[in-house]
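Numbering (this note's numbering), first residue to last: 8 to 408. Note sheet for the following structure.
Written out as structure tokens, the structure is:
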């Protein structure tokens, strides 16, 4: 038998009952003859609680100290889960991210994995131990603790699966797979048996919260077979892989993202280099930009609009205010009451009329489109946030009902 990497999220290990349930899932896999490596997130709301505690002491705490604090949540989960497995009579060892060999860069709060020194994990597997690894963390070259940012435990699991050449990376969550839309918002959403890396990457980037986009990107790069499963009930999940069976579905899923703000730089000079000045400034501060729209020039000026996450909107506005004299724009506007609605599917590239069908569904629901962005496998539109749930259902019904 081969190596199986399993990842369990915070809700899966939220309390003693769930920790013991997860321990049984792991030991059942071990009893089948597999080598098992497990990555865990912090229990339930532990990370939020730690952030709150930090705020009580020092609201302006350094990112280095925040990483040192937040890494404790995953360490606690790993040790508790190891204790539960130990109680069942199985050989087990818990490791911190750095004991498991995660070496990262020094971008505290959003570090990237540089390499994994896998010898410790391989040695433990050679002893037939179940290995429990605290996700979301590593060490930089200065031996400082770092955290990997949002979705970091997913990324830890896929990275381990890649370096260990695991047979499969199983992501256990509180849902039983990837759906055509959020089943909490769309009643007739359907679970997918399989989905391609590219489709899953787009859905993850566009607001679907089952997997983090960094983990899917890494899985595609290293051809790691992924599976999304429920930690709460035993049933088949969704496979994420390079090629799926040919189906008639043009669209795999519909996603909504409310973490969006649109910034409009109005009346900038219609001359070469303006867009470069704006977006190089934002890139230097590591502010990701998504949809970009530039108007046709008029009277020597043009408008440039783009979207960023809401958490970066204030910083982006402040940066652009600082260079107002250099850019010579007339006005700067930010709207954080919008939502991004997207459809994803590799089948749409060879089928004309997909965009018009989406726009027709929104028109019939009397929902106005503010901006549009397209690629080979996705179409995204900006709409009012107040209309987002209604729009999600209307578009899902048009393609997937």
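Every residue, glycine too, gets a C-beta built ideally from N, C-alpha and C.
Ordered along the chain, which non-local residues of its own chain (more than five positions away) have a Cβ less than 6 Å from that of residue 374?
Here residue 374 is taken as the residue at index 367 of the chain shown, counted from 1. Excluding residues within five positions, the ones whose Cβ falls inside 6 Å are 390, 394, 398.
Output the boundary residues of the alpha helix (DSSP H) element that contains residue 83.
Here residue 83 refers to the residue found at position 76 of the chain shown. Run containing residue 83: 70-94, per the alpha helix (DSSP H) assignment.
Quick one, which of 174, 382, 323, 34 has its alpha-carbon nearest residue 234's?
Here residue 234 refers to the residue found at position 227 when the chain shown is read from its first residue. If we check each option's Cα against that of residue 234, 174 comes out closest.
To the nearest angstrom, how far is the alpha carbon of residue 108 from that of residue 124?
The count along the chain shown starts at 1 and reaches residue 108 at position 101. The count along the chain shown starts at 1 and reaches residue 124 at position 117. Taking the straight line from one Cα to the other gives about 4 Å.
Using 8 Å as the Cβ pair cut-off and three pairs as the minimum, do the segment 201-215 and the segment 50-70 touch?
no
Whole angstroms are fine: how far does the CA of residue 392 sit from the CA of residue 189?
Position 182 of the chain shown, counted from the start, is the residue given in the question as residue 189. Position 385 of the chain shown, counted from the start, is the residue given in the question as residue 392. Residue 189 and residue 392: Cα-Cα distance of roughly 16 Å.
Beta-ladder partner(s) of residue 260, from DSSP:
Residue numbering aside, residue 260 sits at position 253 when the chain shown is read from its first letter. 351, per the DSSP bridge assignment.
Output the boundary residues of the beta strand (DSSP E) element that contains residue 390.
Translated into the one-based positions of the chain shown, residue 390 becomes position 383. Run containing residue 390: 385-391, per the beta strand (DSSP E) assignment.
Reference residue 115; option with closest CA among 141, 259, 148:
Taking the first residue of the chain shown as position 1, residue 115 is located at position 108. Selected option, being the one with the closest Cα: 148.
Should residue 59 go down as buried or exposed, given a rule of 16 or more other Cβ atoms within 10 Å for buried?
Here residue 59 is taken as the residue at index 52 of the chain shown, counted from 1. Answer is exposed; the Cβ neighbour count stays below 16.
So, residue 169 versus residue 110, is the Cβ gap smaller than 9 Å?
Locating residue 169 in the chain shown gives position 162, where the first residue counts as 1. Locating residue 110 in the chain shown gives position 103, where the first residue counts as 1. No.
Taking the alpha-carbon positions, what's the residue 132 to residue 103 distance?
Residue numbering aside, residue 132 sits at position 125 when the chain shown is read from its first letter. Residue numbering aside, residue 103 sits at position 96 when the chain shown is read from its first letter. Rounded to the nearest angstrom, the two C-alpha atoms are 16 Å apart.
So which of 239, 330, 76 has the shortest CA-CA distance to residue 28?
Here the question's residue 28 lines up with position 21 in the chain shown. Among 239, 330, 76, the Cα nearest to that of residue 28 belongs to 239.
Would the beta-carbon of residue 201 fall within 9 Å of that of residue 134?
Taking the first residue of the chain shown as 1, we reach residue 201 at position 194. Taking the first residue of the chain shown as 1, we reach residue 134 at position 127. No, Cβ-Cβ distance for residue 201 and residue 134 is not below 9 Å.
So the beta strand (DSSP E) residue 138 belongs to, where does it begin and stop?
The residue given as residue 138 occupies position 131 in the chain shown. Note, residue 138: beta strand (DSSP E), 137-141.
Bridge partners - residue 268, DSSP secondary structure assignment:
As a position in the chain shown, residue 268 is number 261, starting the count at 1. Paired residue(s): 315.
Is it buried or exposed for residue 209, if we count other Cβ within 10 angstroms and need 16 for buried?
Within the chain shown, the letter at position 202 stands for residue 209. Under this definition residue 209 is a buried residue.
Rounded to whole angstroms, what's the CA-CA distance from residue 127 to residue 368? Just pull it up for me.
In the chain shown, counting from the first residue as 1, residue 127 sits at position 120. In the chain shown, counting from the first residue as 1, residue 368 sits at position 361. Spanning the two alpha carbons is a distance of roughly 55 Å.
Which of the three DSSP states is assigned to residue 145 in this structure?
Within the chain shown, numbered from 1, the residue matching residue 145 stands at position 138. In this structure, residue 145 counts as strand in the three-state DSSP scheme.
Take residue 9 and list the residues in its own chain whose beta-carbon comes closer than 6 Å to its own, dropping the five residues that flank it on each side.
Here residue 9 refers to the residue found at position 2 when the chain shown is read from its first residue. Around residue 9: 174.
Per DSSP, which residues does residue 338 bridge with? Please list them.
Here residue 338 corresponds to residue number 331 of the chain shown, with the count starting at 1. Residue 338 is bridged to 273.
Under 8 Å, with one C-beta from each stretch per pair, do the segment 277-287 and the segment 372-387 reach the 3-pair mark?
no
Does the beta-carbon of residue 228 have 16 or more other beta-carbons within 10 angstroms, so that it is buried, or is it exposed?
The residue labelled residue 228 in the question sits at position 221 within the chain shown. Under this definition residue 228 is an exposed residue.
7 Å CB neighbourhood of residue 220 in its chain, flanking five on each side removed:
Within the chain shown, the letter at position 213 stands for residue 220. Here the set comprises 208, 211, 212.
Should residue 328 go down as buried or exposed, given a rule of 16 or more other Cβ atoms within 10 Å for buried?
By 1-based counting over the chain shown, the position of residue 328 is 321. Exposed is the call here.
Residue ranges of each alpha helix (DSSP H) run of no fewer than 4 residues wholly in the segment 94-139, ordered along the chain?
126-133
Coil, strand or helix - residue 171 by DSSP
The residue given as residue 171 occupies position 164 in the chain shown. Here residue 171 sits in coil by DSSP.
Mapping DSSP to helix, strand and coil, what is residue 42?
As a working note, residue 42 is residue 35 in the chain shown. Residue 42: strand per DSSP, three-state reduction.
Note down, one range per segment and in chain order, each alpha helix (DSSP H) of at least 4 residues found wholly within the segment 158-241.
159-170, 204-212, 220-229
Put residue 278 into one of helix, strand or coil per three-state DSSP.
Reading the chain shown from its first residue, position 271 is the one you call residue 278. Note: residue 278 maps to coil in three-state DSSP.
Within its chain, find whatever has a CB closer than 8 Å to the CB of residue 408; leave out the 5 residues flanking it on each side and keep chain order.
Here residue 408 is taken as the residue at index 401 of the chain shown, counted from 1. Only 195 meet the Cβ criterion.
Does DSSP classify residue 14 as helix, strand or coil?
The residue labelled residue 14 in the question sits at position 7 within the chain shown. Correct three-state label for residue 14: strand.
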